[in-house]
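Structure, as structure tokens:
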Amino acid sequence: MAEKNAAPLVDIRHLKKYFNINVGAFQTKPLKAVDDVSFTIQKGETLGLVGESGCGKTTVGRTILQLYKPTAGEIIYNGQPVKTKRDLKTFRTKATMVFQDPYSSLNPRMTVSDIIAEPLDVHGLCKTKEERRARVLELMSYVGLNSEHASRYAHEFSGGQRQRIGIARSLAVNPEFIVCDEPVSALDVSIQAQVINMFDELQDKLGLTYLFIAHDLLVVRHISDRIAVMYLGKMVELADAKEIYEHPLHPYSKSLISAVPVPDPKIARANVRIALKGDIPSPMNAPSGCPFRTRCQYACDKCAERMPEFKEVSAGHFVACHRTAEIND
Amino acid sequence: MSLLEVNNLQTSFFTDAGEVRAVNGVSFSLEHGKVLGIVGESGSGKSVTAYSIMQILADTGKIVGGSIKLDGQELVGAGEKVMRTVRGNKISIIFQDPMTSLNPTYTIGHQLMEAIMLHTDRNKQQAYERAVEMLRLVNVNEPERRMKQYPHEHSGGMRQRVMIAMALACEPDILIADEPTTALDVTIQAQILELMQSLQKELGMAIIMITHDLGVVAQLCDEVIVMYAGSICEQGTADEIFYNPRHEYTKGLMRSIPSVDSAGTKLQPITGTPIDLLNMPKGCPFAPRCDAAMKICIRERCERMQINENHAAACWMNVKAAFEAQTGEEA
Ligand SMILES: Nc1ncnc2c1ncn2[C@@H]1O[C@H](COP(=O)(O)OP(=O)(O)OP(=O)(O)O)[C@@H](O)[C@H]1O
Ligand SMILES: Nc1ncnc2c1ncn2[C@@H]1O[C@H](COP(=O)(O)OP(=O)(O)O)[C@@H](O)[C@H]1O
Ligand code: SF4
Ligand code: SF4
Ligand SMILES: [Mg+2]
Ligand SMILES: [Mg+2]
Chain A
-12 MAEKNAAPLV DIRHLKKYFN INVGAFQTKP LKAVDDVSFT IQKGETLGLV GESGCGKTTV
48 GRTILQLYKP TAGEIIYNGQ PVKTKRDLKT FRTKATMVFQ DPYSSLNPRM TVSDIIAEPL
108 DVHGLCKTKE ERRARVLELM SYVGLNSEHA SRYAHEFSGG QRQRIGIARS LAVNPEFIVC
168 DEPVSALDVS IQAQVINMFD ELQDKLGLTY LFIAHDLLVV RHISDRIAVM YLGKMVELAD
228 AKEIYEHPLH PYSKSLISAV PVPDPKIARA NVRIALKGDI PSPMNAPSGC PFRTRCQYAC
288 DKCAERMPEF KEVSAGHFVA CHRTAEIND
Chain B
10 MSLLEVNNLQ TSFFTDAGEV RAVNGVSFSL EHGKVLGIVG ESGSGKSVTA YSIMQILADT
70 GKIVGGSIKL DGQELVGAGE KVMRTVRGNK ISIIFQDPMT SLNPTYTIGH QLMEAIMLHT
130 DRNKQQAYER AVEMLRLVNV NEPERRMKQY PHEHSGGMRQ RVMIAMALAC EPDILIADEP
190 TTALDVTIQA QILELMQSLQ KELGMAIIMI THDLGVVAQL CDEVIVMYAG SICEQGTADE
250 IFYNPRHEYT KGLMRSIPSV DSAGTKLQPI TGTPIDLLNM PKGCPFAPRC DAAMKICIRE
310 RCERMQINEN HAAACWMNVK AAFEAQTGEE A
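Line order of the protein sequences matches chains A and B. Our numbering applies: residue -12 is where the first sequence begins, and numbers increase by one. Our numbering applies: residue 10 is where the second sequence begins, and numbers increase by one.
Take a look at the structure:
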């Protein structure tokens, strides 16, 4: 578990990532994939990140790791801003990413051993062949892969095994912080459980810190200490996992959580879902003011005029809504 | 007589590597107005069961045994002419990815009207009106405008609603939904499931809901079939399956999913690797992964056994329990 009051390991301030999209022959328009997002993650903590497809979760992850160049904002790691090329080089040995699709994220023509060792080679972390070999075997054992698997090719493995290979590879640089982008979404439930448990165990063993992106809210609820909810490039709510699940304050989080199909017939039948009207707007044409207002049953004039501030309404519970108090009376 | 009666269905694919017995002795019946869920891991035979009912298998696939009766009429061996009157009219299917069944080069309206005119004797004007009415029924706003648009101009949720509209246009008795919401966001999924539920009540049709999501099953289904390696391992009312599972695979499945209050605890995954249909064990197909497996499980497959009037399972543990209850001895 995370230390509550210590300085955060990851401190993200006003992060923005705009993509320029061609709209005419010589015209571009910014697509605000991530628009002024701030949050922190404590060492050893798991922060879950949820929201509808296209709301900017992956972009947040990739921009933090600077796989995308941030449009604006600060990334402060362990108290140090990551700014220069040199900062980034050290940062890249401490922070890595695990990708969603175990089928396409590994080169099928490479052996498991070479896949896992690639980051070791890139960063020159092993001096001798023996050292490299020993490290690969150690990493494989972390994720429950057999040493016999080392010389086999990625395409010979099942989805769950490939995801393990991907995770072993991410662990190669000895990272402290891992962005996990939908790491279990492509897996069957029984395999999903094995991989979720493995994330848990690795965290205990290696003291890892996770940003865990997923669209399955029960998975996120299971694994996260705190959960952040995004909508159209903005963060709309952030709180302790249990708190947000039991007392969501933002109208979007309320509807999202009420929509989760709970695997228990009595609860599921009694559950009152808060239906959302319409579809999510395109991020190219985000509404003025509150991004959620076109689908919000509580929207008023003020909501169209101003973007609500992302405010701490009770200890550790942040919400961006003009009407939090009235709605949650 | 049930609306649909499937008896000992066997479907195989004849591949270079040998005969893949994708469905191996599946039996169930479906009544009017009921929702039947089929769950199981990927490759367990859920889709092949559905495609067998519709007889839309790949060229290498063939129903090699068993019977499928719709309103008492045998469909196995009935021929393509009969099946054409069944598909779309009496049984409709919607797939996981609506793009595989929508043609990107035609407007939504064109495709809806084609489907309606193919299956009913409505003329063009009537088909147009029916199409608009169906879009309205599935909560597509501005249906007249949507009719003129192409599939790529619609979001995933919208496309899935169009697919449902198309599947329902001829008021089938049975709607088969093969993972209809797997590719969608939870809020959109909730809209689609709610829509299916209300349409089912309104139109009184039966639904076969194929999914790997136990949450969807809990929300929607009256009856549940759990499949493993091409066979049914357990079958019963939703309450029986969730609150009184009697097959070790079902129990494992329930333990392996995160629930609202599983945080801080370890999930209990089903160990081992999924079944290889080309190398089926002799006894219980789940035995290589089953923590409770006994000697007999490896030797012999357990027959389906009635647990109570709402519940049946094929697991030796029930035989053991029955023996112990009767004799008071440990088996
Ligand atoms: N390289 C890119 N160029 C242009 N637009 C992009 C790029 N990457 C992402 N976007 C856009 O930015 C927005 C956010 O995308 P992002 O991939 O972060 O969403 P997400 O929340 O991860 O969604 P999902 O749940 O589907 O993975 C989307 O509108 C997407 O189309
Ligand atoms: N066209 C095909 N050719 C060969 N094997 C197939 C074909 N379609 C399905 N199968 C096999 O049949 C089994 C059941 O598949 P399916 O019913 O699609 O599973 P699911 O339960 O995931 O829907 C699997 O082993 C699959 O590989
Ligand atoms: S700010 Fe207004 S529109 Fe936005 S969530 Fe709150 S009430 Fe709804
Ligand atoms: S029959 Fe035996 S091996 Fe099969 S599920 Fe039951 S206990 Fe396990
Ligand atoms: Mg993403
Ligand atoms: Mg399938």
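The beta-carbon is built from N, C-alpha and C at its ideal position, and this holds for glycine as well.
Looking at the C-beta of residue i, does it have a partner C-beta in chain B at a distance below 7 Å?
{"i": "A:Q181", "result": "yes"}
{"i": "A:S177", "result": "yes"}
{"i": "A:L205", "result": "yes"}
{"i": "A:A246", "result": "yes"}
{"i": "A:D251", "result": "yes"}
{"i": "A:Y184", "result": "According to the sequence provided, residue 184 of chain A is Asn. The question's Tyr does not apply to it. Answer yes: the Cβ-Cβ gap between A:N184 and chain B drops below 7 Å somewhere."}
{"i": "A:H209", "result": "yes"}
{"i": "A:E224", "result": "no"}
{"i": "A:L263", "result": "yes"}
{"i": "A:R280", "result": "no"}
{"i": "A:A201", "result": "no"}
{"i": "A:S40", "result": "yes"}
{"i": "A:A255", "result": "yes"}
When the Cα atoms are used, what is the spatial distance from residue i to residue j?
{"i": "A:L193", "j": "A:D212", "result": "17 Å"}
{"i": "A:V259", "j": "A:V247", "result": "11 Å"}
{"i": "B:Y341", "j": "A:H209", "result": "Beyond the ends of chain B as shown, which are 10 and 340, falls residue 341 of chain B; an answer cannot be given."}
{"i": "A:H347", "j": "A:L189", "result": "For chain A, the structure presents residues -12 to 316; residue 347 of chain A sits outside this window and is missing."}
{"i": "B:S36", "j": "B:A124", "result": "31 Å"}
{"i": "B:R170", "j": "A:R139", "result": "44 Å"}
{"i": "A:R256", "j": "B:D194", "result": "20 Å"}
{"i": "B:H128", "j": "B:Q120", "result": "13 Å"}
{"i": "B:P160", "j": "B:Q105", "result": "15 Å"}
{"i": "A:P106", "j": "A:A121", "result": "15 Å"}
{"i": "B:A331", "j": "A:A159", "result": "53 Å"}
{"i": "A:T33", "j": "A:M271", "result": "31 Å"}
{"i": "A:T77", "j": "B:D231", "result": "56 Å"}
Less than 7 Å separating the beta-carbons of residue i and residue j?
{"i": "B:C324", "j": "B:H221", "result": "no"}
{"i": "B:V141", "j": "B:A174", "result": "no"}
{"i": "B:R155", "j": "B:I103", "result": "no"}
{"i": "B:L18", "j": "B:G70", "result": "no"}
{"i": "A:V37", "j": "A:G220", "result": "no"}
{"i": "A:A82", "j": "A:L54", "result": "no"}
{"i": "B:G46", "j": "B:S240", "result": "no"}
{"i": "B:I197", "j": "B:G224", "result": "no"}
{"i": "B:P181", "j": "B:S101", "result": "yes"}
{"i": "B:A186", "j": "B:L39", "result": "no"}
{"i": "B:G49", "j": "B:K43", "result": "no"}
{"i": "A:V176", "j": "B:I266", "result": "yes"}
Shorter than 7 Å from the beta carbon of residue i to some beta carbon of chain A?
{"i": "B:G224", "result": "yes"}
{"i": "B:T191", "result": "no"}
{"i": "B:S207", "result": "no"}
{"i": "B:T220", "result": "no"}
{"i": "B:V15", "result": "no"}
{"i": "B:T94", "result": "no"}
Reducing DSSP to helix, strand and coil, say where residue i ends up.
{"i": "A:A255", "result": "helix"}
{"i": "B:S21", "result": "strand"}
{"i": "B:E28", "result": "strand"}
{"i": "A:F297", "result": "coil"}
{"i": "B:S76", "result": "strand"}
{"i": "B:S240", "result": "strand"}
{"i": "A:F279", "result": "coil"}
{"i": "B:T259", "result": "helix"}
{"i": "B:E232", "result": "strand"}
{"i": "A:L75", "result": "helix"}
{"i": "A:F86", "result": "coil"}
{"i": "B:Q82", "result": "strand"}
{"i": "B:V149", "result": "coil"}
Could you tell me whether the Cβ of residue i comes closer than 7 Å to any Cβ of chain C?
{"i": "B:A272", "result": "Going by chain labels, chain C is absent from the structure shown, which instead holds the protein chains A and B."}
Runs of beta strand (DSSP E) lying entirely within the stretch 104 to 175 of chain A, each at least 3 residues, in chain order: Annotation note: the stretch 104 to 175 of chain A contains the following uninterrupted beta strand (DSSP E) runs of length 3 or greater, listed N- to C-terminal: 164 to 168.
Runs of alpha helix (DSSP H) lying entirely within the stretch 151 to 230 of chain B, each at least 4 residues, in chain order: 152 to 156, 165 to 177, 195 to 212 and 223 to 229, all fully within the stretch 151 to 230 of chain B.
Alpha helix (DSSP H) runs contained entirely in the stretch 86 to 142 of chain B, provided each spans 4 or more residues: 89 to 95, 107 to 110 and 117 to 128, all fully within the stretch 86 to 142 of chain B.
Complete runs of the alpha helix (DSSP H) confined to the stretch 183 to 228 of chain A [at least 4 residues]: Runs found: 204 to 210.
In chain order, each beta strand (DSSP E) run of at least 3 residues that lies wholly inside the stretch 4 to 71 of chain A: Complete beta strand (DSSP E) runs here, min 3: 15 to 28, 33 to 37 and 59 to 64.
Residues whose Cβ lies closer than 7 Å to any heavy atom of ligand 7, in chain order: This structure lacks ligand 7; its bound ligands are ligand 1, ligand 2, ligand 3, ligand 4, ligand 5 and ligand 6.
Whole runs of the alpha helix (DSSP H) within the stretch 251 to 325 of chain B, excluding any shorter than 4 residues: 257 to 265 and 304 to 308, all fully within the stretch 251 to 325 of chain B.
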